[in-house]
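Asks:
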Amino acid sequence: QQPVQSPQAVILREGEDAVINCSSSKALYSVHWYRQKHGEAPVFLMILLKGGEQKGHEKISASFNEKKQQSSLYLTASQLSYSGTYFCGTVPGYQKVTFGTGTKLQVIP
Amino acid sequence: EAQVTQNPRYLITVTGKKLTVTCSQNMNHEYMSWYRQDPGLGLRQIYYSMNVEVTDKGDVPEGYKVSRKEKRNFPLILESPSPNQTSLYFCASSLWQDTDTQYFGPGTRLTVL
Chain A
10 QQPVQSPQAV ILREGEDAVI NCSSSKALYS VHWYRQKHGE APVFLMILLK GGEQKGHEKI
70 SASFNEKKQQ SSLYLTASQL SYSGTYFCGT VPGYQKVTFG TGTKLQVIP
Chain B
175 EAQVTQNPRY LITVTGKKLT VTCSQNMNHE YMSWYRQDPG LGLRQIYYSM NVEVTDKGDV
235 PEGYKVSRKE KRNFPLILES PSPNQTSLYF CASSLWQDTD TQYFGPGTRL TVL
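Encoded structure:
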């Protein structure tokens, strides 16, 4: 069962903030976030583990609510380079990663 | 340089003509997997391998085969390709399947006529 991401697409102006949500129907052990630029392979952003701390990557951070089986990715003061499709990947307890359908983010000047 | 390589990068073929897409990693990773990416459907796993000679089906395995005879290589085989297998394919590897970064290859764009 693929996790559900929302929104499916979002357009931002440079400097604006965005939140991308990822929700699973299963209890989760970890959540992975990747970004894919057009025509390229997905690239790792961060992993959040059950019981772990909120992780950050420059101006991109994420949280993991184990009870709600949800994760959110926060992009602050967005830059043009943030444009791309963001995928969350969920891991229900020592199993393989299952990726969501992606959120397409476009940052415009 | 640590990397995952795939070949070919682009392939146009006809229905029924067997093909193999190669995947190789130089990071001594245990876990390797194949994904297909289609518009609106995200990344869906085809097959994965926990180690040499250990492979298992992912979410969309029909029409595909894999093998893992060496740790570094994980080829994807389409014995009788059909047009619904037209897609963008990614190979990925990681040290572990659940808590480690996955490194993706550059992708193979396959068109089956």
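Protein chains in written order, with the numbering used here: chain A, 10 to 118; chain B, 175 to 287. Backbone N, C-alpha and C define an ideal beta-carbon position, used for all residues, glycine too.
Mind checking who methionine 206 of chain B pairs with in its DSSP beta bridge?
Replies: B:Ser223, B:Ser267
Asks: Between which two residues does the beta strand (DSSP E) carrying asparagine 74 of chain A extend?
Replies: 69–74
Asks: Indicate the three-state DSSP secondary structure (helix, strand or coil) for tyrosine 128 of chain A in the structure shown.
Replies: The structure shown does not extend to residue 128 of chain A, since chain A is modelled only from 10 to 118, so the question has no answer here.
Asks: With a cut-off of 8 Å, do at least 3 Cβ pairs link the region 206–218 of chain B to the region 184–193 of chain B?
Replies: Not touching, per the Cβ criterion.
Asks: For glutamine 10 of chain A, which residues of its own chain have a beta-carbon under 8 Å away from its beta-carbon, when the five flanking residues on both sides are left out?
Replies: Ser33, Ser34, Lys35, Thr107
Asks: Looking at the secondary structure, which residues open and close the beta strand (DSSP E) in which aspartate 230 of chain B lies?
Replies: 228–231
Asks: Expressed to the nearest angstrom, what Euclidean distance is found between the alpha-carbon atoms of glutamate 204 of chain B and leucine 284 of chain B?
Replies: 26 Å
Asks: Helix, strand or coil for asparagine 200 of chain B, going by three-state DSSP, please let me know.
Replies: Of the three classes helix, strand and coil, the one that applies to asparagine 200 of chain B here is coil, per DSSP.
Asks: Which residue from B:Tyr277, B:Trp270, B:Gln259 puts its Cα closest to that of glutamine 211 of chain B?
Replies: B:Gln259
Asks: By the DSSP assignment, the beta strand (DSSP E) with valine 40 of chain A in it spans what residues?
Replies: From DSSP, the beta strand (DSSP E) with valine 40 of chain A extends over 39–45.
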